[in-house]
Amino acid sequence: MADAGQKTKAGAEILTGSGAVLRSLEKLGIKEVFGLPGGAIMPFYDELMASTTIRHILVRHEQGGGHAAEGYASTTDKPGVVIATSGPGATNLVTAIADAYMDSVPLIAITGQVFSTLMGTDAFQEVDIIGITMPITKHSILVTKPEDVPNALATAYLIATTGRPGPVLIDITKDAQQLSAPFVWPGEVEPLGYKPVLKAHGKQIQAAAKLMLQAKRPVLYVGGGAVRAGAAKEVAQLAELTGAPVVTTLMARGIFPDSHKLNLGMPGMHGTVPAVLALQGSDLLVAIGSRFDDRVTGKASEFATKAKVIHIDIDPAEIGKIRQAEVPIVGDAKVVLKDLIAVLKDDVKPGVPDYKEWWETLDKLRADFPLGYTKPKDGLLSPQAVIKKIGEMSPADTIYAAGVGQHQMWTAQFIGFEKPNTFINSGGAGTMGYAVPAAMGAKLGNPKKVVWAIDGDGCFQMTNQELATCTINNIPIKVAIINNSSLGMVRQWQSLFYNGRHSFTDLNTGADTVMIPDFVKLGEAYGALSIRVTKESEIEPAIKLALETNDRPVVIDFIVSPDAMVWPMVPQGVSNSKVQYARDHAPVWEEE
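Right under this line is the structure:
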């Protein structure tokens, strides 16, 4: 424990390194952390046991702890904190750290390390986690002295939460945790070479405004960076001021209300036809916190070939990486949009800008290609209908965490999102197993909101052990397993591109199998209210019961058709103009 009461002549409190970690977290305002103890991090856990201000959630796997911290961070205005020991404890965090890096999630990962005198000797549970995670963190810090702890934590917090948010790893040797030193809080820290640019140059703002006023077919292409910047209000103001159509990427769903008349939906491989073709036919893309990901652009060389580009991003490395911008703007999306709106207000008047013909084209696309689905022919449930009903019955401020695959796309398509940070998922890394622990973290950070984990039977089997964590810690999430007894998205590609050869994608969890595992029994074993739904008439009652149950987690095993597919679809590596509305539908647009 900390050397309580001892002070230096200058009045500084003397603490062990582990005591300094705890005191630093308290000074940073951290209230919840996720973790799993082990030998190299044990001194800190001994300190944490006595904390009266920080709640520790003991997870069942470090990856689950990392995703839980992501879910917490993505639905609050705070960074997520996860703690693990050295060796396998640290390496089990790697997937979650990579996930946070790809999706710009503010995450602080604290790992224990072997004694500094043993480093480099292949000591028990020694792993160079700094070296392993260097490509997937914003910054990594190795701490070998107790006096360095406060500055390391303050620096990690600053870097994780400012600029383009992301994960920071702090690796602390065991001797640094055990030895003592005066605790000196650094106050403001200024890491060498780290100074994110928030405000854009005035000439770039003027140039962007000019292009918007000249454009005839603009699109506001809004990505996850706008969500991280808290720019929902500014996006809405820009759209309503100009009347330009808006598309929101998978990571930006909800930043602009789906119910708004200017919203065309989600673009990309499984985006709406109006959103996909609006980008393709535009003459100006206003990219706001979006990175021209391949899942949005399709074949990049054939993406929106007639469009000029205004690219707004706080990360200068993103601008020009995929698509050259006529007006590159480095800055915080919220700050930049405020300045852009201020300039445009002086020139926008009735009939200027004039997007009337553009909207006639887009409205026809909306009418001709609405989102929809067909009922399965095998008599099993339609997954789209299940997810749509969950969205209709749940409160407006419900938070949804999705795994990765077909159910993720159906959630993005068939739930109406009206507010930012209400749909969280693994976008860049595409991490199976994200949903349950991320929902747990989101619920911890938003205890008064309903939180659903919409998961696939494949994803659920990767991290379902965190249901034990939920039950023991009274975190009553609701889990909807969209159970098609297969790795659905892989199966869809096999059906479309491999002549129906379903190689190693059957999971034997559904209707015509012995159900290994039986998700209802598994959920009950973890202390969750567990229900199986096989008929349409059972869907609403099951969802209603789940929404009424708040004293424990709920698991609903929805047995759905394995033949259901996600449409529309742009096959990988082709032009977005070849978007297909359904399996038997020819490409919607051919290149002129």
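In this note's numbering, each residue carries its 1-based index in the sequence shown increased by 794.
Beta carbons are placed, not taken as given, at the ideal position from N, Cα and C, and that holds for glycine.
Closest by C-alpha distance to Arg854, when choosing among Met843, Tyr866, Leu842, Val876
The closest CA to that of Arg854, considering only Met843, Tyr866, Leu842, Val876, is found on Val876.
Within the same chain, show all residues whose beta-carbon is closer than 6 Å to that of Lys1182, passing over the 5 residues directly before and after it, in chain order.
Phe1208.
What are the boundary residues of the alpha helix (DSSP H) that includes Trp1204?
Element bounds for Trp1204: 1200-1208.
Measuring only the C-alpha atoms, how far is Pro1356 from Ala1206?
When rounded, the separation of the alpha-carbon atoms in Pro1356 and Ala1206 is 19 Å.
Tell me Tyr1015's beta-bridge partners as DSSP assigns them.
BP columns for Tyr1015 point to Val1041, Ala1081.
Are there three or more Cβ pairs, one per stretch, closer than 8 Å when the segment 1143-1152 is compared with the segment 1228-1235?
Between the segment 1143-1152 and the segment 1228-1235, the count of Cβ pairs shorter than 8 Å is below three; the stretches do not touch.
Per DSSP, which one or two residues make a beta bridge with Lys1272?
Paired residues: Trp1246, Val1348.
Host beta strand (DSSP E) of His1105 (start-end):
For His1105, the enclosing beta strand (DSSP E) stretches over residues 1102-1107.
Check whether the Cβ atoms of Met1283 and Cys1253 sit closer than 7 Å, and answer yes or no.
Going by C-beta atoms, Met1283 is not nearer than 7 Å to Cys1253.
Just to confirm my understanding: we take Asp936, look at its own chain, exclude 5 residues before and 5 after, and list those with CB closer than 6 Å. What are they?
Note that residue 936 is Leu in the sequence shown, not Asp. Shown here for Leu936: same chain residues with a beta carbon closer than 6 Å to its own, the five before and five after excluded, namely Ile924, Asp965 in chain order.
Assigned secondary structure, Phe1313 (DSSP; H/G/I helix, E/B strand, else coil):
Three-state result, Phe1313: helix.
Going straight from the alpha carbon of Ala796 to that of Ile835, what length do you get?
For Ala796, the predicted structure reports a pLDDT of 46, less than 50, and the residue's modelled location is therefore unreliable. A value from the coordinates is still provided. Going from the Cα of Ala796 to the Cα of Ile835 covers about 15 Å.
Per DSSP, which residues does Met1363 bridge with? Please list them.
In the DSSP assignment, the residues bridged to Met1363 are Gln1374.
From Val1016 to Val1040, what distance separates their C-alpha atoms?
Rounded to whole angstroms, Val1016 to Val1040 spans 7 Å at the Cα level.
DSSP on Ser1095, reduced to helix/strand/coil?
It is helical.
Who are the Cβ neighbours of Gly832 in its own chain at under 6 Å, not counting the five residues just before and after it?
Closer than 6 Å at the Cβ level, and outside the excluded window around Gly832, lie Thr879, Gly883.
Going by the DSSP bridge assignment, what does Arg849 pair with across the sheet?
For Arg849, the pairing in a beta bridge is given by DSSP as Glu826.
So what does DSSP say about Val1070, is it helix, strand or coil?
DSSP places Val1070 within a helical segment (H, G or I) once states are collapsed to three.
By Cβ distance below 7 Å, which residues in the same chain neighbour Gly1367 in space, the five residues on each side in sequence not counted?
Lys1093.
Neighbourhood of Leu992 by C-beta, 8 Å cutoff - its chain only, sequence neighbours within 5 removed
Same-chain partners within the cutoff: Ile1108, Gly1125, Asp1126, Val1129.
Rounded Cβ spacing between His1296 and Gly1250 (contact assumed at less than 8 Å)
Their Cβ separation, rounded to whole angstroms, is 16 Å, which puts His1296 and Gly1250 out of contact at 8 Å.
Would Ser934 be called buried (16 or more neighbouring beta carbons within 10 Å of its own) or exposed?
The residue in question, Ser934, is buried, as its Cβ has 16 or more Cβ neighbours within 10 Å.
By Cβ distance below 8 Å, which residues in the same chain neighbour Lys1315 in space, the five residues on each side in sequence not counted?
Here the set comprises Ser1324.
Quickly, what does DSSP pair Thr810 with across the bridge? List them, please.
DSSP output for Thr810 lists Ser974 as bridge partner(s).
Distance between beta carbons of Gly811 and Gln972, contact taken as under 8 Å
For a cut-off of 8 Å, the C-beta gap from Gln972 to Gly811 is around 7 Å, short enough to register as a contact.
What residues match up with Lys1055 in a beta bridge as DSSP calls it?
In DSSP, Lys1055 forms no bridge with anything.
Considering Cα atoms alone, identify which of Val1273, Ser1279, Glu1151, Phe977 is closest to Val1308.
When the alpha-carbon of Val1308 is set against those of Val1273, Ser1279, Glu1151, Phe977, the nearest one is in Ser1279.
For the beta strand (DSSP E) containing Ser1324, name the first residue and the last one.
That run of the beta strand (DSSP E) goes 1323-1327.
Limits of the unbroken alpha helix (DSSP H) element including Asn1379
Note that residue 1379 is His in the sequence shown here, rather than Asn. Bounds of any alpha helix (DSSP H) do not take in His1379, whose DSSP letter is neither H nor E.
Give me the Cα-Cα distance between Pro1051 and Val1070, rounded to the nearest whole angstrom.
The alpha-carbon of Pro1051 is positioned some 18 Å away from that of Val1070.
Identity of the residue in Ala950, Glu1212, His1379 nearest Asp1162 by Cα
Comparing Cα-Cα distances from Asp1162 to each of Ala950, Glu1212, His1379, the minimum goes to His1379.
Please state whether DSSP places Gly874 in a helix, a strand or coil.
Here Gly874 carries a strand assignment [DSSP, helix/strand/coil].
So which of Asn1370, Tyr1375, Arg1377, Val1382 has the shortest CA-CA distance to Gly1062?
When each option's Cα is compared against that of Gly1062, the closest is Asn1370.
Is it right to say Tyr1292 is buried, meaning 16 or more other beta carbons lie within 10 angstroms of its own, or is it exposed?
Burial check for Tyr1292: the Cβ neighbour count within 10 Å stays below 16, so the residue is exposed.
For the alpha helix (DSSP H) containing Gln857, list its first residue and its last residue.
Per DSSP, Gln857 belongs to the alpha helix (DSSP H) from 856-868.
For a minimum of 4 consecutive residues, which ranges assigned as the alpha helix (DSSP H) are wholly contained in the segment 1148-1197?
Whole alpha helix (DSSP H) segments, 4+ residues: 1150-1162, 1177-1187.
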